[in-house]
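What follows is a short report on a single structure.
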Amino acid sequence: MTPSSALVKFHGVQKTYDGQALVVRDLHLEIQRGEFLSLLGPSGSGKTTTLMMLAGFESPTAGEISLDGVPITRTPPHKRNFGMVFQNYALFPHMTVAENIAYPLTVRKVPKADREAKVQRALGMVQLGPMGDRYPSQLSGGQQQRVALARALVFDPQLVLMDEPLGALDKQLREHMQLELKALHRRLGVTFVYVTHDQSEALTMSDRVAVFNEGVIQQIDRVDRLYETPANRFVAGFVGDNSVLDARISRTSGDQCEVELADGTRLTGLNVNSAQAGDTVQCSIRPERIMVLRDGDDRGNRLHATLGDVIYFGDHLRLRCEAANQPELSVKVPLEQLGSMAEGQPLALHIPPEHLRIYR
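In terms of numbering that gives the first Met the number 0, the sequence shown is residues 0 to 359.
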């Protein structure tokens with residue numbers, strides 16, 4: 000993506016509701032044309048407020064939002080040509096599916112013949128072609144969500160904004176809808192901006208993810224880079240599973256460093272935030288990157304631990320391990336190891352240096 004493909008730009012945007020606490024702080028964000036961008040973060044992190052400012056339902060306290068280079072900060076929501084999908088669907092119960100989808104076209108005074116053609120096309124997009132005459136009460140939750148999506152797409156918006164749209168669905172349906180949304184985005188090429196607090200949802204669907212905390216984007220990146228190379232402790236802990244070790248830097252060498260744990264164990268890893276010798280740090284590694292060593296394997300960068308519990312996850316086993324004076328460690332291993340491990344047995348764990356990330 001090139002800088003010129005940015006459809007939306009936030010420049011120095013801030014938002015406060017009480018004149019003191021900033022819900023969004025000095026936000027600089029570019030949304031690229033045609034991308035699926037998720038705004039991810041815990042409650043109160045500023046992600047929904049950012050979406051609402053983009054939609055026009057909230058006004059920035061400071062800064063500017065532009066669309067295709069034109070400021071829209073003071074443009075009312077109905078003139079922004081954005082589709083919106085909410086968690087509660089917001090369908091009219093007294094209207095049929097087709098009438099609900101046609102509503103944005105009616106408001107825009109689109110001729111009836113054009114309306115009918117656009118509604119049929121939108122129904123086809125979300126695979127609800129035969130259901131135009133039904134009422135929302137006759138549909139499942141997943142079907143209602145598709146109607147809400149079709150209504151957001153029917154008038155060919157430049158941008159589709161979604162605020163936790165799958166939050167009310169059960170796990171299996173939610174995961175199915177995630178894949179459908181991703182496939183729909185690929186087919187249409189429309190720009191999607193999606194708010195969620197569910198990191199697996201963000202990783203599944205997005206081209207890029209912006210991770211928010213305390214009103215600030217902590218990292219914005221492609222999903223693979225976000226998962227494999229978190230920029231700081233918060234992102235490492237919030238996105239994906241994470242095993243953590245507390246340590247102190249013993250020496251540094253370029254972008255690597257050696258740390259010493261409380262029991263004297265020394266490990267080498269990547270010095271992400273330029274920590275210095277003597278600094279107290281947190282060492283982070285994904286559970287699937289930790290290797291349980293067999294007897295006779297003399298690989299270095301090892302940690303001795305005791306197996307606390309083995310949990311069956313269907314497609315893998317999760318080991319809960321205890322190391323001296325450390326938080327509980329999680330290790331993922333293949334199902335083949337089921338039955339070969341017992342609670343209380345000692346384990347030698349290999350921590351690959353290239354996957355151990357050290358944070359100040």
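Built from N, CA and C at the ideal position, the CB exists for glycine as well.
**Prompt:** Y193 by DSSP, collapsed to three states: which one?
**Reply:** strand
**Asked** For I310, does the count of other Cβ atoms within 10 angstroms reach 16, so buried, or fall short, so exposed?
**Response** exposed
**Asked** How about T264 and Q255: are their beta carbons less than 8 Å apart?
**Response** no
**Helix, strand or coil at I71 [DSSP, three-state]** = coil
**Asked** Excluding five sequence neighbours on each side, which residues of the same chain lie with their C-beta closer than 6 Å to the C-beta of P2?
**Response** With a pLDDT of 46 at P2, under the threshold of 50, the modelled position of that residue is not reliable, and the figure given next carries that caveat. Excluding positions up to five away in sequence, the list is empty.
**Prompt:** Opposite Q255 in the DSSP bridges: which residues?
**Reply:** In the DSSP output, where bridge partners are listed per residue, Q255 has S252, L269.
**Asked** Given H184, which residues of its chain have a CB within under 8 Å of its CB, disregarding the five upstream and five downstream residues?
**Response** F35, F191, M204
**Request:** State the DSSP-derived secondary structure class of Y226, mapped to helix, strand or coil.
**Result:** Secondary structure of Y226 (DSSP, three-state): helix.
**Request:** Please report how far the alpha carbon of Q344 lies from the alpha carbon of D25, in whole angstroms.
**Result:** 51 Å
**Item:** Contacts around R232, its chain only, beta-carbon distance under 6 Å, and the 5 residues preceding and following it disregarded
**Value:** Q281, Y358
**Request:** Could you pull the start and end residues of the alpha helix (DSSP H) that S329 belongs to?
**Result:** Premise fails: S329 lies in the beta strand (DSSP E), 328–332, not in any alpha helix (DSSP H).
**Message:** Classify E342: buried if its beta carbon has 16 or more other beta carbons within 10 angstroms, exposed otherwise.
**Reply:** Exposed, because fewer than 16 other Cβ atoms sit within 10 Å of the Cβ of E342.
**Request:** Flag this pair as yes or no: are the beta carbons of A347 and H303 separated by less than 8 Å?
**Result:** Contact: yes.
**Prompt:** What did DSSP end up calling R185 once you bin it into helix, strand or coil?
**Reply:** helix
**Asked** Three or more C-beta pairs closer than 8 Å, one from the region 118–131 and one from the region 53–66: is that the case here?
**Response** The way I'd put it, the region 118–131 doesn't touch the region 53–66; fewer than three beta-carbon pairs between them come closer than 8 Å.
**Item:** Same chain only: Cβ atoms within 6 Å of V84, ignoring 5 sequence neighbours per side
**Value:** A147, L148, A151, M161, P164
**Request:** Let me know the secondary structure DSSP gives M0 once reduced to three states.
**Result:** Interpretation of M0 is limited by its pLDDT of 45, a score under 50 that renders its predicted location unreliable; the figure taken from the coordinates is listed afterwards. M0 falls in the coil class under three-state DSSP.
**Prompt:** Are there three or more Cβ pairs, one per stretch, closer than 8 Å when the region 133–144 is compared with the region 88–103?
**Reply:** The region 133–144 vs the region 88–103: in contact.
**Asked** Under three-state DSSP, which class holds F9?
**Response** strand
**Message:** Can you tell me whether P286 is helix, strand or coil according to DSSP?
**Reply:** helix
**Request:** State the start and end residues of the unbroken beta strand (DSSP E) segment that holds M83.
**Result:** 81–85
**Item:** Beta-carbon proximity list for L202, same chain, < 8 Å, skipping 5 on both sides
**Value:** Exclusion of the five residues before and after L202 leaves V208, V222, L225, Y226, V238, G239 as the residues of its chain whose Cβ lies within less than 8 Å of its Cβ.
**A89 beta carbon less than 8 Å from that of G11** = no
**Message:** Assuming contact is defined by CB atoms lying nearer than 8 Å, are V23 and G45 in contact in what I supplied?
**Reply:** yes
**Asked** Within the chosen definition, does the region 283–296 reach the region 239–248 through at least 3 CB pairs nearer than 8 Å?
**Response** yes
**Start and end residues, beta strand (DSSP E) containing R150** = Per DSSP, R150 belongs to no beta strand (DSSP E); it is in the alpha helix (DSSP H), 140–152.
**Request:** Thinking K117 and L104 are a contact (beta carbons under 8 Å), I'd like their distance in whole angstroms, please.
**Result:** 6 Å
**Request:** Using the DSSP secondary-structure output, state which residues sit across from K14 in a beta bridge.
**Result:** V23
**Closest Cα partner of G370 within the set L328, H349, I71, I30** = Outside the displayed range of the chain (0 to 359) lies residue 370, so it cannot be described from this structure.
**Reference P59; option with closest CA among A246, Y16, A121, A274** = Scanning A246, Y16, A121, A274 for the CA closest to the CA of P59 turns up Y16.
**Prompt:** Do you know offhand how far T47's Cα is from Q142's?
**Reply:** 24 Å
**Prompt:** Considering only the beta carbon of each residue, do I30 and L50 sit closer than 8 Å?
**Reply:** Not closer than 8 Å, so no.
**Item:** Cα-Cα separation, E174 to E200
**Value:** When rounded, the distance between both Cα atoms is 8 Å.
**Prompt:** First and last residue of the alpha helix (DSSP H) that includes E98?
**Reply:** 96–106
**Asked** Straight-line CA distance for F154 to P70?
**Response** 22 Å
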